[in-house]
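Residue numbers (the numbering used here), protein chains in the order written: chain A, 880 to 1297; chain B, 880 to 1297.
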């Protein structure tokens, strides 16, 4: 079944806001086995809406239209649909009573704008009769047309819980699409590409694509098959091959983030963590504390932006700062060791570097970053040379130190390989 | 002049990647005074490309088409255009010699795939004869059709330096579009809407729109006029009116961020800053250090995630933690005061709260956050109740404390209004 998506909103055609609804719907439909032929973005303009709707009905098996269903005067979608499909607007009793009770609860008097929400084209059915959200569908010349709100959360919810299940029911020859994302850090995309070569040839129905998602690369394995189990098996087989070839460069899959992975590892090993960061400025702590429950393993994080704070909070000897500088392996080792000892945690992490755009020298150009890690058995530090903007350098530095934690927790020899 | 944009790429209709080219082109065209009627996203499929192109020619004054111009077999745009417009493919001598010299430099032998790049529909003109990038235009039935590469950097460059100037030359009655964004924090969107009422009516050619950009609201003032200076003047007038009505709730304009604004204020006042954060986990430090040169005013930031670290690093008395809890105005005051005193800075900031999703109680539900600020003259703290996800609560808390700094630095009475 071939379908298309129409996204309506003036803010989209003027480029003020980029479309997310169309992309989301395309993704979900593709993964459900439908073929999306296009996403049409238009303004809240009657002629555009009418023309897009006519084209969709002529060339597609179904269409999903989002936006312009609200109560204000610039929301004209419902009215234009009614005219285009030659179906008069009819008051929907369900919506009207829902509106009455909802407004009543809030002590608001119903206006003609509210009443407008209850006017639907003849033959339209409300998609979600339970929740207080507008959205309806019409079967027009046997083609289902879904009209969804433009608010992304509402649109996503309605699409996933009503529209896609409804469409799947209609498909006689279903194609099963299974997908897995493997997330890689620390390997060049060309290298990943090389390592994955031949898999698509060896396994029919498999597609492997590579998405650069700085600072990571995501490998997307997609399988299309006539049977769900078979597609799932093929996916597992391809995943196994890739995992064998890439090893520990794969840090997670699907929606997992690196901070989630290390949170899980720390928790299961009952280990605690303290951080001393300089050029990353709090980003490492921010990422770690994005994970609910991170207070179980993160004790503290000190952002020692000045030399004085490095001396006062971490007892980095002045001689180290003078002889080697704050951006040095020696300083990173002191920082990691002393934050671990002073906080009494199992692991101490440190980052010190030059995020730029100024502050670089010939010996230590912008992007020079030292990462340190300390345990009761060893303290190590290593220098890196990252490139790009200030934010890219901060991101790479935080990713590198988080990946060290992951590698240390999954490979006992990691710290001693330095 | 009404134009439309067609974006071609399989990765876009499958929703793997969201479109950025279409949105960028729409923005630039709108600001240049053109009216964009739609953005059509389609796959690398002959029938889709043909249909989109035919529709565009029928209904628009010009069209911009991006993607599918490369050398590989899935790049079919040029071929489909030739067929649709009934213009045979002709070898372009300029491109061919450019390719020869370019490949020669790299010691690469020309293949049929390379030669494909030199085949353009009859009547096509190369857009940028200097750079090694493919892109051409065709005037078809007096309508300019621009074909640009899908690589965003190349597309943007070609659009800005060739396509838009070329289109502007064609316009007999040019419209000048001027725009300004005013950024607001701390006022509800409905309230902002009320305060801005009547301005559009009073001033012809002015449009005011409101974009929620959590946790901020952005007011976009747009003016269209026949003369550049007049449009600029109208814009200034509308901005003045809005600034008068909203006062200090406006913290910045256009691309300015709140952290940039306070960085500028701290630097010009030669003041320094230290931070003690708990539930924000490093986010405040991260935001402040995103600004180049922030080491001039940020001395340190301690993320005191455990009670022990609050006692050890900030000397918060155990009695305060026991009597009031770590999430309390009392604790926030101690944190702000002691980080200021121990680091010897002019300002001390603190945040302590419950980011959730767990850890809330009846008295202190998830979202309870205390913000503190300390100067040599006063130390204050205030409680807030934020809602939403863990990340939303962290964002609101960091934004609130940064906005306190801004308000303190622009209004001497701010601290004493608590």
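Ideal Cβ placement from N, Cα and C applies to all residues, glycine included.
**Message:** In whole angstroms, give me the CA-to-CA distance for residue 1016 of chain A and residue 1028 of chain A.
**Reply:** Working through the first chain from its first residue, we reach residue 1016 of chain A at position 137. Working through the first chain from its first residue, we reach residue 1028 of chain A at position 149. Their backbone Cα atoms lie some 12 Å apart in a straight line.
**Message:** Starting from residue 1057 of chain B, trace the beta strand (DSSP E) in both directions and tell me its first and last residue.
**Reply:** Mapped onto the second chain, residue 1057 of chain B falls at position 178. Here the beta strand (DSSP E) through residue 1057 of chain B covers 1055–1063.
**Request:** Name, in chain order, the residues that DSSP records as bridge partners for residue 881 of chain A.
**Result:** By 1-based counting over the first chain, the position of residue 881 of chain A is 2. DSSP, once it has assigned bridges, lists A/914 as partnering residue 881 of chain A.
**Prompt:** Considering only residues of the same chain and omitting the five flanking positions on each side of residue 1054 of chain A, which have a CB-CB separation below 8 Å?
**Reply:** Looking up residue 1054 of chain A in the first chain gives position 175. Closer than 8 Å at the Cβ level, and outside the excluded window around residue 1054 of chain A, lie 912, 1103, 1104 and 1105.
**Asked** Which residues of chain B have a Cβ atom closer than 7 Å to the Cβ of residue 905 of chain A, listed in chain order?
**Response** Mapped onto the first chain, residue 905 of chain A falls at position 26. In chain order: 892, 893 and 894.
**Request:** For the stretch 1175–1193 of chain A, enumerate the residues whose C-beta is nearer than 8 Å to any C-beta of chain B, in chain order.
**Result:** 1177, 1178, 1179, 1180, 1181, 1182, 1183, 1184, 1185, 1187, 1188, 1191 and 1192
**Item:** C-beta atoms of residue 1265 of chain A and residue 1250 of chain A nearer than 7 Å
**Value:** Working through the first chain from its first residue, we reach residue 1265 of chain A at position 386. Working through the first chain from its first residue, we reach residue 1250 of chain A at position 371. No, the pair does not count as a contact, with Cβ atoms beyond the cut-off.
**Item:** Proximity of residue 1259 of chain B and residue 1288 of chain B at Cβ, strictly below 7 Å
**Value:** By one-based count along the second chain, residue 1259 of chain B stands at place 380. By one-based count along the second chain, residue 1288 of chain B stands at place 409. The answer is no: Cβ separation not under 7 Å.
**Prompt:** Whose Cβ in chain B lies nearer than 9 Å to the Cβ of residue 1133 of chain A?
**Reply:** Here residue 1133 of chain A refers to the residue found at position 254 of the first chain. Chain B residues near residue 1133 of chain A: none, gap ~14 Å exceeds 9 Å.
**Message:** For residue 910 of chain B and residue 1058 of chain B, I'd like the C-alpha separation in whole angstroms.
**Reply:** Your numbering for residue 910 of chain B matches position 31 in the second chain. Your numbering for residue 1058 of chain B matches position 179 in the second chain. Their Cα atoms are separated by approximately 8 Å.
**Request:** Using a Cβ cut-off of 7 Å (strictly closer), state whether residue 902 of chain B contacts chain A.
**Result:** For the purposes of this step, residue 902 of chain B is identified with residue 23 of the second chain, where counting begins at 1. Taking Cβ atoms only, chain A reaches closer than 7 Å to residue 902 of chain B, which makes this a yes.
**Item:** Integer-rounded CB distance, given that residue 1277 of chain B should sit under 8 Å from residue 1231 of chain B
**Value:** Against the second chain, residue 1231 of chain B aligns to sequence position 352. Against the second chain, residue 1277 of chain B aligns to sequence position 398. That belief does not hold up - the Cβ atoms of residue 1231 of chain B and residue 1277 of chain B are roughly 13 Å apart, past 8 Å.
**Request:** Inspect the beta-carbon positions of residue 1117 of chain B and residue 1078 of chain B and report whether they are closer than 7 Å.
**Result:** As a first step, residue 1117 of chain B is located in the second chain; it is residue number 238 there, counting from the start. As a first step, residue 1078 of chain B is located in the second chain; it is residue number 199 there, counting from the start. A contact, by the Cβ cut-off of 7 Å.
**Prompt:** With DSSP run on the structure shown, which of helix, strand or coil describes residue 1116 of chain B?
**Reply:** In the second chain, counting from the first residue as 1, residue 1116 of chain B sits at position 237. Correct three-state label for residue 1116 of chain B: helix.
**Asked** Out of B/1172, B/971, B/926 and B/908, which has the shortest C-alpha to C-alpha gap to residue 963 of chain B?
**Response** Taking the first residue of the second chain as 1, we reach residue 963 of chain B at position 84. Cα-wise, what sits closest to residue 963 of chain B is B/926.
**Prompt:** chain A partners of residue 916 of chain B, CB-CB under 8 Å?
**Reply:** To locate residue 916 of chain B, count along the second chain from 1; it is residue 37. By Cβ distance, chain A contributes 892, 921, 922, 924 and 927.
**Asked** Do residue 941 of chain A and residue 1022 of chain A have their CB atoms nearer than 7 Å?
**Response** In the first chain, counting from the first residue as 1, residue 941 of chain A sits at position 62. In the first chain, counting from the first residue as 1, residue 1022 of chain A sits at position 143. Yes. Within cutoff.
**Message:** Please list, in chain order, the residues of the stretch 1232–1260 of chain A that have any C-beta partner in chain B closer than 9 Å.
**Reply:** 1234, 1235, 1236, 1237 and 1238
**Request:** Could you confirm whether any beta carbon from chain B is found closer than 7 Å to the beta carbon of residue 912 of chain A?
**Result:** Taking the first residue of the first chain as position 1, residue 912 of chain A is located at position 33. Judged by the 7 Å Cβ criterion, residue 912 of chain A is not in contact with chain B.
**Item:** Coarse secondary structure for residue 974 of chain B, derived from DSSP in three states
**Value:** Taking the second chain and counting its residues from 1, one reaches residue 974 of chain B at position 95. It is helical.
**Paired residues, beta bridge with residue 1226 of chain B - DSSP** = Indexing the second chain from 1 puts residue 1226 of chain B at position 347. Residue 1226 of chain B is bridged to B/1152.
**Prompt:** Buried or exposed: residue 987 of chain A, going by 16 or more other Cβ atoms within 10 Å of its Cβ?
**Reply:** For the purposes of this step, residue 987 of chain A is identified with residue 108 of the first chain, where counting begins at 1. Looking at its Cβ environment, which holds fewer than 16 other Cβ atoms inside 10 Å, residue 987 of chain A is exposed.
**Prompt:** Quick one: Cα of residue 1190 of chain A to Cα of residue 1239 of chain B, how far?
**Reply:** Taking the first chain and counting its residues from 1, one reaches residue 1190 of chain A at position 311. Taking the second chain and counting its residues from 1, one reaches residue 1239 of chain B at position 360. Each residue's alpha carbon lies about 37 Å from the other.
**Request:** With a 10 Å radius around its C-beta and 16 neighbouring C-beta atoms as the bar for buried, classify residue 981 of chain B as buried or exposed.
**Result:** By 1-based counting over the second chain, the position of residue 981 of chain B is 102. Exposed, since its Cβ has fewer than 16 Cβ neighbours within 10 Å.
**Message:** Cβ closer than 7 Å: which chain B residues qualify as neighbours of residue 1054 of chain A?
**Reply:** Against the first chain, residue 1054 of chain A aligns to sequence position 175. Result: empty, since nearest Cβ-Cβ is about 13 Å, beyond 7 Å.
**Message:** One question on the structure: do residue 1142 of chain B and residue 1100 of chain B come within less than 7 Å of each other, judged by their Cβ atoms?
**Reply:** Locating residue 1142 of chain B in the second chain gives position 263, counting from the first residue. Locating residue 1100 of chain B in the second chain gives position 221, counting from the first residue. No, these two residues do not count as a Cβ contact at 7 Å.
**Prompt:** residue 952 of chain A CB to nearest chain B CB: under 7 Å?
**Reply:** What you label residue 952 of chain A is simply residue 73 of the first chain in a count that begins at 1. By this cut-off, residue 952 of chain A is not an interface position.
**Asked** Is there at least one Cβ from chain B nearer than 7 Å to residue 1171 of chain A's Cβ?
**Response** The residue labelled residue 1171 of chain A in the question sits at position 292 within the first chain. Cβ-Cβ to chain B under 7 Å: yes for residue 1171 of chain A.
**Prompt:** Can you tell me whether residue 1050 of chain A is buried or exposed, with buried defined as 16 or more other CB within 10 angstroms of its CB?
**Reply:** As a working note, residue 1050 of chain A is residue 171 in the first chain. Exposed.
**Under 9 Å from the C-beta of residue 934 of chain A: neighbouring residues of chain B** = The sequence position of residue 934 of chain A within the first chain is 55, counting from 1. By Cβ distance, chain B contributes 930 and 934.
**Asked** Using the beta-carbon count (16 or more within 10 Å), is residue 1256 of chain B buried or exposed?
**Response** Here residue 1256 of chain B refers to the residue found at position 377 of the second chain. With fewer than 16 other Cβ atoms within 10 Å, it is exposed.
**Prompt:** What residue does the alpha helix (DSSP H) around residue 1252 of chain A start on, and which one ends it?
**Reply:** As a working note, residue 1252 of chain A is residue 373 in the first chain. Residue 1252 of chain A -> not in any alpha helix (DSSP H); beta strand (DSSP E) instead, spanning 1247–1253.
**Message:** If you reduce the DSSP assignment to three classes, tell me which class residue 1020 of chain B lands in.
**Reply:** Against the second chain, residue 1020 of chain B aligns to sequence position 141. In this structure, residue 1020 of chain B counts as coil in the three-state DSSP scheme.
**Request:** Output yes or no for whether 7 Å exceeds the beta carbon distance between residue 900 of chain B and residue 951 of chain B.
**Result:** The count along the second chain starts at 1 and reaches residue 900 of chain B at position 21. The count along the second chain starts at 1 and reaches residue 951 of chain B at position 72. Not in contact: residue 900 of chain B and residue 951 of chain B (Cβ atoms no closer than 7 Å).
**Prompt:** From the DSSP output, which residues share a beta bridge with residue 919 of chain B?
**Reply:** Locating residue 919 of chain B in the second chain gives position 40, counting from the first residue. DSSP lists A/919 and B/885 as partners of residue 919 of chain B.
**Message:** Does any residue of chain B have a CB that is nearer than 7 Å to the CB of residue 1271 of chain A?
**Reply:** Residue numbering aside, residue 1271 of chain A sits at position 392 when the first chain is read from its first letter. No, no contact with chain B.
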